[in-house]
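Going by the working numbering, the residue at position 15 of the sequence shown is 20; the numbering climbs one at a time, nothing skipped.
A virtual CB, placed ideally from N, CA and C, is assigned to each residue, including glycine.
For reference, the structure discussed in these notes is given below.
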Amino acid sequence: MKFPKSEKDFEELMKGIKWNRIIPPLVSVLQPVIIFSLWLGFAKMDKRADAVAKLIAIAEPLPFEIDLNVPQPVVLASLYHSVDEVIPVLEDILTYLQDLEVPSADKIIDDIKTDLKETYVDPVTEASHDFQTALKECMHSARRVPTLTLKLLAIQTCMVAKGFSLTTDYIKDKLF
Numbered sequence: 006m007k008f009p010k011s012e013k014d015f016e017e018l019m020k021g022i023k024w025n026r027i028i029p030p031l032v033s034v035l036q037p038v039i040i041f042s043l044w045l046g047f048a049k050m051d052k053r054a055d056a057v058a059k060l061i062a063i064a065e066p067l068p069f070e071i072d073l074n075v076p077q078p079v080v081l082a083s084l085y086h087s088v089d090e091v092i093p094v095l096e097d098i099l100t101y102l103q104d105l106e107v108p109s110a111d112k113i114i115d116d117i118k119t120d121l122k123e124t125y126v127d128p129v130t131e132a133s134h135d136f137q138t139a140l141k142e143c144m145h146s147a148r149r150v151p152t153l154t155l156k157l158l159a160i161q162t163c164m165v166a167k168g169f170s171l172t173t174d175y176i177k178d179k180l181f
């Protein structure tokens with residue numbers, strides 16, 4: 006390779022380089038290194054950034070889904086900055102997680118089945134004495150009404166007048 010002998014030759018050589026093809030790939034390669042260096046320097050200079058770096062170093066490598074959406078160079082710089090203090094904390098957390106008893110899927114399904122087998126308590130039969138009395142009175146007064154639709158309407162109207170309510174479907178299904 007022939008080196009330029011003067012400034013004019015150097016300028017001619019530099020004109021031949023297409024910088025718009027070199028700079029974008031160079032920036033994309035150096036960007037993580039720049040971010041890593043800036044965050045590491047900032048974490049060493051500022052106490053608040055140091056605390057955030059420790060938080061990132063503890064939260065990001067945990068095995069469950071804590072994702073702080075922090076760029077990878079920042080996570081790496083945080084781990085590098087506070088690795089001596091974070092390792093014992095992570096060991097304690099992982100030991101705790103290993104000792105944690107998590108129920109199996111079969112046990113969870115069995116528990117759900119048992120909960121579903123509990124008997125359904127009809128809210129009307131378990132209602133207060135005032136409600137029961139009002140319902141009996143309304144049903145007694147609706148027995149003289151000729152059609153089922155009018156009986157349903159009469160019972161509902163009577164119950165509303167007494168300060169209670171029942172759905173038409175419930176009255177039709179449970180009472181008639």
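Along the chain, where does the alpha helix (DSSP H) containing A39 start, and where does it finish?
It is Ile, not Ala, that sits at residue 39 in the sequence shown. Start and end: 24–50.
Exposure of I61, with buried meaning 16 or more beta-carbon neighbours within 10 Å:
buried
If you draw a straight line from the alpha carbon of L140 to that of I117, how long is it in whole angstroms?
35 Å
How about the region 85–100 and the region 47–66: do they share at least three Cβ pairs that are nearer than 8 Å?
yes
First and last residue of the alpha helix (DSSP H) that includes T138?
134–147
Top-ranked residue by Cα proximity to E90, from V79, Q103, A58
A58
With 16 other CB atoms within 10 Å as the buried threshold, where does I160 fall?
buried
From the DSSP output, in three-state form, read off L67 for me.
coil
What does the Cβ neighbour count give for F15, buried or exposed, with the cut at 16 atoms within 10 Å?
exposed
Any 3 or more C-beta pairs closer than 8 Å across the region 105–116 and the region 70–84
no
Where does the unbroken alpha helix (DSSP H) through E12 begin, and where does it stop?
12–20
Between which two residues does the alpha helix (DSSP H) carrying P93 extend?
77–104
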